[in-house]
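Okay, so the sequence shown: first residue is 6 according to the working numbering, each after it adds one. Glycine included, C-beta positions come from ideal geometry on N, C-alpha and C. Below is one structure, written out as structure tokens, with a few remarks after it.
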Amino acid sequence: MTRILITGGSSGIGLALTRRALARGWNVSWISLDPAEISAAQDALKADYPDADIDALCVDLTEADAIDRITQWVKKTAAPDILVNNAGIGFFGASAQLDPAREQAMIALNISALHAMTRAFIPLMEKKGGTIANIASNSAFQPVPFMAVYAATKAFVRHYSLALDRELTEAGSNVRVMTVCPAAVKDTPFKGAAGMDGLRTFDSFTSTTADEVARDVMRGLDGRKRFVVSGAKMRAVYILTKLAPAGLVQAIVRREVERV
Ligand SMILES: NC(=O)c1ccc[n+]([C@@H]2O[C@H](COP(=O)([O-])OP(=O)(O)OC[C@H]3O[C@@H](n4cnc5c(N)ncnc54)[C@H](OP(=O)(O)O)[C@@H]3O)[C@@H](O)[C@H]2O)c1
């Protein structure tokens with residue numbers, strides 16, 4: 006049976022992906038932060054999937070011993086076929102005015118923890134083979150004022166994941182890396198926690214839902230894609246942004262982060 010391990014699986018995109026994985030009869034494990042949220046999400050899933058037995062490890066991915074705890078835990082069961090590095094945070098605001106500790110927290114989770122998880126799981130997954138899906142963002146396509154550090158962390162995820170996948174392929178590895186860039190997601194707690202409520206981008210025609218992102222991740226896995234832009238409308242805009250002058254793209258992006 007396919008085994009999928011999702012960081013941040015108890016909320017938002019991770020939870021939507023969990024539903025799709027359970028519908029396929031997959032074995033799901035989570036790494037998440039908040040024990041109360043984990044048990045509430047597990048209870049809610051029981052209504053639709055009474056046989057669901059989600060093994061969850063409550064750990065802060067940014068803590069020094071997180072990777073040791075996670076690898077010990079994984080070794081007790083079996084390595085996943087699919088690891089989704091989904092846990093991530095954002096904070097909105099002018100970089101010179103944001104608390105530097107908040108910016109460091111984004112770097113610690115979105116970059117350092119994702120990198121550490123990826124490095125730890127390549128050898129764990131090598132024998133059986135599998136896919137590491139790293140969740141970036143449409144904010145990885147260009148610099149984003151007022152999300153300067155968040156967008157830069159997602160640019161790291163995109164560049165690192167694409168280059169690593171190429172290296173693994175050339176080395177004949179059994180592990181693949183899939184980069185996922187969702188558009189702004191309307192229906193997850195992320196935007197509230199990030200102070201992004203009311204931004205035009207979440208109301209924009211390119212915005213998407215957690216379930217649409219989960220569907221696109223599944224399609225990407227099924228199609229052995231290396232790069233997935235999620236939402237359908239975002240895919241069209243992505244192609245246009247590749248053709249448009251950088252200054253025009255920057256002006257459009259600046260408008261997207263205004264409050265409406
Ligand atoms: N929402 C968007 O518009 C959007 C767009 C593009 C990309 N993304 C990316 O998609 C991913 C998922 O976002 P989402 O919208 O589903 O947000 P979400 O609902 O807030 O989910 C984030 C998950 O990450 C977990 N998490 C946060 N800090 C953690 C830590 N230190 N250790 C372990 N787990 C931690 C959270 O756990 P708790 O809930 O227990 O804190 C939560 O389960 C993120 O990487 C985000 O950057 C989001």
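- Take isoleucine 127, set aside five residues on each side of it, and the residues of its chain with a beta-carbon closer than 6 Å to its own are Val180, in chain order.
- Alanine 71 and alanine 249 have their alpha carbons spaced roughly 42 Å apart.
- With three or more CB-CB distances shorter than 8 Å, the segment 233-244 counts as touching the segment 182-191.
- Apart from the 5 residues on each side of it in sequence, isoleucine 140 sits with its Cβ closer than 6 Å to the Cβ of Asn91, Val185 in its chain, given in chain order.
- Here the alpha carbons of alanine 69 and valine 182 stand approximately 24 Å from one another.
- Counting only runs that start and end inside the segment 28-110, the alpha helix (DSSP H) elements of at least 4 residues fall at 40-53, 71-81.
- Cβ contact annotation for threonine 158 (same chain, cutoff 7 Å, sequence separation greater than five): Met111, Ile112, Asn115, Ile116, in chain order.
- Counting C-beta atoms within 10 angstroms of its own C-beta, aspartate 58 has fewer than 16 neighbours from the protein chains shown and is therefore classed as exposed.
- Phenylalanine 210 has its CB no nearer than 6 Å to any heavy atom of ligand 1.
- A contact is defined here as three or more CB-CB pairs under 8 Å, and the segment 159-167 fails this definition with respect to the segment 203-222.
- By the Cβ-count criterion, phenylalanine 210 is exposed, with fewer than 16 other Cβ atoms from all chains shown falling within 10 Å of its own Cβ.
- Contact check for isoleucine 9 against isoleucine 87 passes: the beta carbons are separated by less than 7 Å.
- The beta carbon of proline 187 sits closer than 6 Å to at least one heavy atom of ligand 1.
- Counting only runs of 3 or more residues that sit fully inside the segment 168-248, the beta strand (DSSP E) segments are 180-187, 232-235, in chain order.
- Between arginine 264 and glycine 200, the gap from beta carbon to beta carbon reaches 7 Å or more.
- With a contact defined as Cβ atoms closer than 8 Å, alanine 118 and leucine 173 miss out at about 20 Å.
- A distance below 8 Å between beta-carbons, with the five flanking residues on each side excluded, links aspartate 48 to no residue of its chain.
- Burial check for threonine 82: the Cβ neighbour count within 10 Å stays below 16, so the residue is exposed.
- Ligand 1 never approaches serine 166 closely enough for any of its heavy atoms to be under 6 Å from the residue's Cβ.
- Its Cα nearest to that of arginine 259, the residue Ala156 stands out among Asp104, Ala61, Ala156, Gly134.
- In this structure, the beta-carbon distance from alanine 145 to alanine 125 does not fall below 7 Å.
- Proline 150 counts as exposed, since fewer than 16 other beta carbons sit within 10 angstroms of its beta carbon.
- Rounded to the nearest whole angstrom, the CA to CA distance from alanine 153 to serine 100 is 6 Å.
- Using a Cβ distance threshold of 7 Å, glycine 14 and serine 44 do not count as a contacting pair.
- Only buried fits lysine 196, as 16 or more other CB atoms lie within 10 angstroms of its CB.
- Taking a contact as a CB-CB distance under 8 Å, the pair phenylalanine 96 and arginine 107 counts as one, their CB atoms being some 5 Å apart.
- Excluding residues up to 5 positions away in sequence, Gly14, Val33 lie with their Cβ nearer than 6 Å to the Cβ of threonine 23 in the same chain.
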